[in-house]
Amino acid sequence: MAVDGNQMSKRGKKTIVLVSADHDTTPSIHGALKSAGYAVLSAKTVEEAVEMLGTDRAVDLLLLDIELFHDAGGSRTIEAAAVNRDVPIVFLCSRNNADLIEPGASAAYGFVEKQSGKGVLIASVKTALGLHSTRGGLIKRMSLIGSQLDKDSPGIGDLSEKPEVRRLSDELYGALLDSTADLVFIKDSRFRYLMLNRANREFFGRSEDELLGKTDFDLMSEQAAANCLRTDQQSLRMNGLVISIEEVDGRIYESRKFPVSLDGGDRGVGAFIRDITETRRAEERLLASEKKLYLRNRIAQLFLTVPGDEIYEAILDVVREMLKSEHGCFGYIDEEERLVNVATTGRAGITCGMQRNDRSPFHEKWKGPWGRALLEGRSFYKNGNLSAPPGHVPLENALCAPVMYGDRVIGNLTLANRPGGYDERDLEDLEEMSRYISPLLFARMQYTRKEDERRIAEQKVNRHSSDMAFLSRTAMGFIELPTEADIYDYIAHCLHEIAPEFRILVNEFNPADDTTVIRAIAGEHGILAAIIKLLGRSPIGLGTPMPINHQKELMRQKVEVGPGGFHELSGGALPWPVSMAIDRLLDIGTIYGMGFARHETLYGNILLIAPRGVTLEDTSIIEAFVKQASVALQRHRAERALERSLREKELLLRELQHRVKNSLGMITSLVNLEATRSKNDDTRSTLKNIRDRINTLSKLYTLLYQSQGEDQIRLDSYLRQIIRSLLETHVGGGRSVGIDLAMEEVRIDFKRAASVGIIVNELVTNTIKHAFPDGRSGRLRIRLEPTANRLLLEVADDGIGPPGNFDITGSKGLGIELIRVLTGQLRGVLDYSRGKETVFTIKMPFP
1 MAVDGNQMSK RGKKTIVLVS ADHDTTPSIH GALKSAGYAV LSAKTVEEAV
51 EMLGTDRAVD LLLLDIELFH DAGGSRTIEA AAVNRDVPIV FLCSRNNADL
101 IEPGASAAYG FVEKQSGKGV LIASVKTALG LHSTRGGLIK RMSLIGSQLD
151 KDSPGIGDLS EKPEVRRLSD ELYGALLDST ADLVFIKDSR FRYLMLNRAN
201 REFFGRSEDE LLGKTDFDLM SEQAAANCLR TDQQSLRMNG LVISIEEVDG
251 RIYESRKFPV SLDGGDRGVG AFIRDITETR RAEERLLASE KKLYLRNRIA
301 QLFLTVPGDE IYEAILDVVR EMLKSEHGCF GYIDEEERLV NVATTGRAGI
351 TCGMQRNDRS PFHEKWKGPW GRALLEGRSF YKNGNLSAPP GHVPLENALC
401 APVMYGDRVI GNLTLANRPG GYDERDLEDL EEMSRYISPL LFARMQYTRK
451 EDERRIAEQK VNRHSSDMAF LSRTAMGFIE LPTEADIYDY IAHCLHEIAP
501 EFRILVNEFN PADDTTVIRA IAGEHGILAA IIKLLGRSPI GLGTPMPINH
551 QKELMRQKVE VGPGGFHELS GGALPWPVSM AIDRLLDIGT IYGMGFARHE
601 TLYGNILLIA PRGVTLEDTS IIEAFVKQAS VALQRHRAER ALERSLREKE
651 LLLRELQHRV KNSLGMITSL VNLEATRSKN DDTRSTLKNI RDRINTLSKL
701 YTLLYQSQGE DQIRLDSYLR QIIRSLLETH VGGGRSVGID LAMEEVRIDF
751 KRAASVGIIV NELVTNTIKH AFPDGRSGRL RIRLEPTANR LLLEVADDGI
801 GPPGNFDITG SKGLGIELIR VLTGQLRGVL DYSRGKETVF TIKMPFP
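Just so you know, we're using this note's numbering here: the sequence shown kicks off at 1 and counts up by one.
This is how it looks when you write it as structure tokens:
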């Protein structure tokens, strides 16, 4: 069912069926038609298009790929369907396949090249739709002219003799053709000019007589004439309208050519040609502007979304794609005026001398095209005569632009190896892109700099926190280090914790002979065993002389570069071959040293042996630890000196205690001898009391000597010895005195033990002498009991007891007086009670 023009206009949008299987050009054609306001249906085969035409769906035009039309049976089926629906066809061709169409396609309304561009495509569609809707267009009128010529005159020379033809000719030429700025002409089958309008004559700058009968090869350059001839021939082959773009002497023309019936059955070519140079250039500028805007938006989006240095490679890819270059590099100038090549990209297999993140010092590597652009601060391009460093991709051409922020160079964009080379327009495009990138790059550089500063500050804070934690932990380690532990070994392992790549030697300085002695080694596992194998002995304990000037250097307590190898390290003590073997074994690079010093006293030093290629960047934590270790070594040395002194004093004290014990024993013997010789009972009794008191102290010194230097003794053991000795001495003559001892284990210092011992001696002696007179037997009970905050001593007996008028606070006896005085020195309380037992109780603070 046909759809007339009124129906189409009422529908609004015209519908075009695009029939093509060309994946390269179909999307752009589809987009161009939609942007021009057409509804577009797509079909990839003739069968799909015929199916669409067989429905009630409105179709206004077929845009048909010529290759699909030429397929077997395709031309007949699609043409029949188009004629049946009264749908015009415009053929899509390339320059190489326009001759596929045979003349006589009755539905054909034009021919357009796929690569002609949006303007030509839309113009072809509009023309075809206009011709089809009016059915009275130029092609039909020219055909009528040809028919009239065929009927009325056998030759072209008789045209002027026919009034009706002359009247039509005057109307066409005078009223229409000469008034248009388009170039209009008619050519015969040999493509010779038969008619030209005024605009065409002015184009050639010749009169009509000079132009008639001439071909384009007589009037134009060979290339321009060949282009015109190609489209003339296509129009005849197509037997329909051919719209194409032709270029003549630098100007661009839109050509609409169609077949014309001439006198005698001959067929010629008619044409309307319009100069679209400015329109085309405006379109190109618009397209270029749109593309640049798209690229700018894309770059801005990259700056906002792509993290880190990946942004630079992404931008370089955009610029390289824009200027169709095979290779490129993009870098920025850092604050130290170094070029940082953050992006190099190109085809697979391309090599470049400028590596990613290669930081080139100012001017040092600024050579070649990009170096010239940086140094001169201007853009340029060069095609040919370019050299490249060894291993670099060969350079056919290059385009370089510095990225400027104000008058400052902040970066570089370099492209290379564009097929066909670069020109001024490429230079302008790159400069424009460079100017656009400049503020974005500067902002990113500032952001990156601040981020780097923040990251460095954060690293410093973290490192400081880690260092403080290390120093705090090792300080507690020094404090809690057991006495039997090796402080030098502890220092070595702490240093290895903060410098794991280094071998550590910790030495002690002996001021007596100005030598340093290796005390500890830490580092690579098994290295000590290898050194022992080389030396034939352990290096631990190996001493080397230390010159005075070296001692002064170590007193500064700074990490400094030390000896150059093991031979120098040993002060020449090791043979040269052995030293060289150790150097190779340890892979010795740089040796760093620092001294342990405190208050102008050198205690030793450390040596950090770095493998080759390793350097010590930050020495602050090492210096802080060594200073801390210096304090620990000072205390360690002082403690060792104090320990030696205490050991010496302990030996002297034990010797003194031994001698006092011997002296007291001698005194006891002398007093006992004197008491035996005395014939006075009172004198003998007094001497025996003195003997017992001296013997009490002698037993205390015996216990002290046996305690191996401890400052406390077992009070319960001491009192048992005193009581046992007194009973053995004073109980005899048939008397029987039983004893009940209830004494818990009590440790007490020497001074208080002596006082308690004398008190017990006096109480027990007094009980034995006075509680059991005339051979009377009885029991003696002694209790020693510590409590939470006091010590209880109780001495009781079941004897006759003291006289009735006995007053413990006013007794004048020496023994009771001595007990009262010693109890007061112990800050104790003396109690006395009498019942079934006579009980003396002493309570004193304890411990």
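Every residue gets a Cβ at the ideal spot worked out from N, C-alpha and C, and that includes glycine.
Could you compute how far the alpha carbon of ASP692 sits from the alpha carbon of LEU646? Just so you know, the alpha carbons of ASP692 and LEU646 end up roughly 34 Å apart.
Please classify ILE156: does DSSP put it in a helix, a strand, or coil? Per-residue confidence for ILE156 stands at a pLDDT of 38, beneath the threshold of 50, marking its modelled position as unreliable; the derived number appears in the next sentence. Note: ILE156 maps to helix in three-state DSSP.
On the CB-based measure, 16 or more other CB atoms within 10 Å of its CB, does GLN223 come out buried or exposed? So GLN223 ends up on the exposed side.
Straight-line gap, GLY31 to ARG463 (C-alpha atoms, nearest Å): When rounded, the separation of the alpha-carbon atoms in GLY31 and ARG463 is 60 Å.
From the DSSP secondary-structure annotation, give me the bridge partner or partners of TYR253. The bridge partners DSSP lists for TYR253 are GLU246, ASP275.
When HIS493, LEU791, VAL340, ASP188 are compared against ARG503, the one with the closest alpha-carbon: Taking only the C-alpha atoms, the option nearest ARG503 is HIS493.
Spatial distance of MET476 from ARG747 (CA atoms): Their backbone Cα atoms lie some 33 Å apart in a straight line.
Between THR127 and LEU262, what straight-line distance do the alpha-carbon atoms span, to the nearest angstrom? Inter-residue distance for THR127 and LEU262 is about 23 Å (C-alpha atoms, whole angstroms).
To the nearest angstrom, how far is it from the Cα of ASP740 to the Cα of PRO803? Going from the Cα of ASP740 to the Cα of PRO803 covers about 24 Å.
From LEU818 to PHE750, what distance separates their C-alpha atoms? Between LEU818 and PHE750, the C-alpha separation is close to 18 Å.
Counted within 10 angstroms of its Cβ, other Cβ atoms place TRP576 as buried (16 or more) or exposed: TRP576 is classed as exposed because its beta carbon has fewer than 16 other beta carbons within 10 Å across all chains shown.
contact_flag[the segment 450-463, the segment 406-422] where n(CB pairs < 8 Å) is 3 or more: Between the segment 450-463 and the segment 406-422 there are fewer than three inter-stretch CB-CB distances shorter than 8 Å, so the stretches are not counted as touching.
Quick check on ARG190: buried or exposed, where buried means 16 or more other Cβ atoms within 10 Å of its Cβ? By the Cβ neighbour-count rule, ARG190 is exposed, with fewer than 16 other Cβ atoms within 10 Å of its own.
For GLU497, I'd like the list of residues in its chain whose CB is within less than 6 Å of its CB, leaving aside the five on either flank, ordered along the chain. Cβ within range, chain order: n/a, list empty.
Check whether the Cβ atoms of ALA753 and TYR718 sit closer than 7 Å, and answer yes or no. Contact flag set, yes.
Thinking C-beta only, is ILE591 closer than 7 Å to ILE606? No.
Do the CB positions of LEU316 and PHE330 come within less than 7 Å of each other? Yes. Within cutoff.
Terminal residues of the alpha helix (DSSP H) in which ARG449 lies: 424-480 is the extent of the alpha helix (DSSP H) around ARG449.
Relative to the alpha-carbon of ARG274, which residue among PHE442, GLY801, GLY119, ALA638 has its alpha-carbon at the smallest distance? Selection PHE442, GLY801, GLY119, ALA638 evaluated against ARG274 yields GLY119 as nearest (Cα-Cα).
Tell me the rounded alpha-carbon separation between GLY824 and LEU642. Distance between the alpha carbons of GLY824 and LEU642 is about 36 Å.
Buried or exposed: which applies to VAL242, given that a residue is buried once 16 or more other Cβ atoms fall within 10 Å of its Cβ? So VAL242 ends up on the buried side.
Between LEU129 and ILE29, which are expected to be in contact by the criterion C-beta below 8 Å, what is the C-beta distance as a whole number of angstroms? Contact between LEU129 and ILE29 does not hold, since the beta-carbon distance rounds to 16 Å and is not under 8 Å.
Are the beta-carbon atoms belonging to ILE758 and THR676 less than 7 Å from one another? Remark: C-beta atoms of ILE758 and THR676 do not approach each other more closely than 7 Å.
Unbroken alpha helix (DSSP H) run spanning GLN825, endpoints: First-last of the alpha helix (DSSP H) with GLN825: 814-825.
Per DSSP, the bridge partner or partners of ASP831: Residue pairing by DSSP places ASP831 opposite THR841 in a beta bridge.
How many whole angstroms separate the CB atoms of LEU53 and VAL19, which I take to be in contact at a CB cut-off of 8 Å? 10 Å between Cβ atoms; not a contact.
Which whole-angstrom value describes the C-beta separation of ALA401 and GLU431, a residue pair presumed to lie in contact below a C-beta threshold of 8 Å? The beta-carbon distance between ALA401 and GLU431, rounded to whole angstroms, is 5 Å. This is short enough to meet the 8 Å contact definition.
Ignore the nearest five residues each way along the sequence and tell me which others in ALA629's own chain have a CB closer than 7 Å to its CB. Same-chain partners within the cutoff: ILE491, PHE596.
The segment 42-57 / the segment 78-91 touching (three or more Cβ pairs under 8 Å): In the pairwise beta carbon analysis, the segment 42-57 is classified as touching the segment 78-91: at least three pairs are separated by under 8 Å.
Continuous beta strand (DSSP E) assignments of at least 3 residues falling wholly in the segment 257-324: Whole beta strand (DSSP E) segments, 3+ residues: 267-275.
Measuring CA to CA, which of ALA39, ILE531, GLY565, ASP513 is closest to PRO611? It is GLY565.
Can you check which of these residues, ILE713, ALA771, VAL756, LEU715, is closest to HIS730 by C-alpha distance? The residue with the shortest Cα to Cα distance from HIS730 is ALA771.
Tell me, please, which residues DSSP counts as bridged to GLU560. According to DSSP, which records beta bridges pairwise, GLU560 is partnered with GLY593.
Taking all protein chains shown into account, decide if GLY308 is buried (16 or more other Cβ within 10 angstroms of its Cβ) or exposed. Exposed is the call here.
Sorted by chain position, which residues of the same chain lie with C-beta nearer than 6 Å to ALA181's C-beta, five sequence neighbours on each side aside? Excluding sequence neighbours, ALA181 sits near ALA199.
With a 10 Å radius around its C-beta and 16 neighbouring C-beta atoms as the bar for buried, classify GLU210 as buried or exposed. By the neighbour-count criterion, in which 16 or more other beta carbons inside 10 Å mark a residue as buried, GLU210 falls on the exposed side.
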